[in-house]
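Residue numbers (the working numbering): 747 to 1037. Here is the structure we will look at, set down as structure tokens.
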């Protein structure tokens, strides 16, 4: 019996080591500079990255081997971006205080959500789109955005493919980054003021429940978040990219000179693209990620 347990333990250790990211092989490359404040990186299935420069009121498009090019300007103070299963672009517009969806083939822009119970949102910051096209977004307010609030709370919201906007959670602290687990069953939300990460269970209708604090004390103010294919959590913080397991256990922190605002994996998971102040970086990985 003892020998059997020893063999099982050894097998578990081997499995853990075999699946672990080798952080000694990480390299950080600067691929874009000269922006004001970058945010909201997201990969299109058509092979390019988009990201926002909020103060410049511009959404950029970057393709491997080329310089960034303007995708949309003006863009109503763009922040978070995401793509759905059809390749449509979703954007948090902080100035217009709304969520829009852009058909990149014809340029048509639809307003998906701009108010809750007759009051304008504070300033939607980040969003995530599930594989079944359910949209989730955070609605904090930073700086001057707080002067124009109509709502007396910060919120996390759900926009189903059909039907009205739903409130996932009210918060005294400001929710910021948001992401969905690879199996689509868990929603993750960072909170800037409380410096924590919350998790919610998602049912087959996309509705959220079971709110809980998964990571209670993040070292450094947390912002955007992405989830790897293995389920590891990559959180942009003031100190770099903090990596946690799906259970909320710390794994590693990738230190960066410029505090990152958000990040996004490429489709192959070989690179993690990071927006940080006026720069765009990419970090070489040996695992596989998912946006």
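For glycine and all other residues, C-beta sits at the position ideal for the given N, C-alpha and C.
Residue environment, residue i, which counts as buried when at least 16 other CB atoms sit within 10 Å
i: residue 929; result: exposed
i: residue 1007; result: buried
i: residue 849; result: exposed
i: residue 872; result: buried
i: residue 885; result: buried
i: residue 815; result: exposed
i: residue 857; result: exposed
i: residue 910; result: exposed
i: residue 776; result: exposed
i: residue 965; result: exposed
i: residue 791; result: exposed
i: residue 697; result: Outside the modelled stretch of the chain, which goes from 747 to 1037, sits residue 697, for which no answer is possible.
i: residue 757; result: The pLDDT assigned to residue 757 is 36, lower than 50, so where the model puts this residue is not dependable, and the model offers no usable value.
i: residue 894; result: exposed
Presumed contact (8 Å Cβ cut-off) between residue i and residue j, rounded CB distance
i: residue 954; j: residue 960; result: Going by Cβ atoms, the distance from residue 954 to residue 960 rounds to 14 Å, so no, they are not a contact pair.
i: residue 934; j: residue 973; result: 7 Å
i: residue 945; j: residue 932; result: 6 Å
Coarse secondary structure for residue i, derived from DSSP in three states
i: residue 975; result: coil
i: residue 998; result: strand
i: residue 770; result: helix
i: residue 894; result: helix
i: residue 889; result: helix
i: residue 869; result: coil
i: residue 1030; result: strand
i: residue 984; result: coil
i: residue 749; result: Model confidence at residue 749 stands at a pLDDT of 40, short of 50, so the residue's coordinates are unreliable; what they give is reported in the following sentence. In the structure shown, residue 749 sits in a helix (DSSP, three-state: H, G or I).
i: residue 875; result: strand
Same chain, Cβ closer than 8 Å to residue i, neighbours up to 5 away in sequence not counted
i: residue 907; result: 878, 879 and 880
i: residue 803; result: 819, 820, 821, 822, 823, 824 and 841
i: residue 1017; result: 1011, 1028, 1029, 1030 and 1031
Sequence-distant residues of the same chain with beta carbon closer than 6 Å to residue i, five excluded per side
i: residue 781; result: 799 and 1024
i: residue 749; result: Any reading at residue 749 must be qualified, since the residue scores a pLDDT of 40, below 50, and its modelled position is unreliable; the value itself is stated next. Result list for residue 749: empty, nothing under 6 Å.
i: residue 963; result: none
i: residue 870; result: 838, 845, 883 and 885
Close beta carbons around residue i, own chain, < 7 Å, minus the five adjacent residues each side
i: residue 817; result: 796, 805, 806 and 807
i: residue 1001; result: 985 and 986
i: residue 939; result: 919 and 920
*Run through the region 786 to 862 for me and flag every whole beta strand (DSSP E) of 3 or more residues, listed as ranges in chain order.*
Counting whole runs of 3 or more residues, the region 786 to 862 contains the beta strand (DSSP E) stretches 795 to 799, 804 to 808, 815 to 818, 824 to 829, 835 to 839, 844 to 849 and 854 to 859.
*Curious, which full-length alpha helix (DSSP H) runs of at least 4 residues does the region 930 to 970 contain?*
Taken in chain order, no unbroken stretch of alpha helix (DSSP H) lies wholly in the region 930 to 970 with a span of 4 residues or more.
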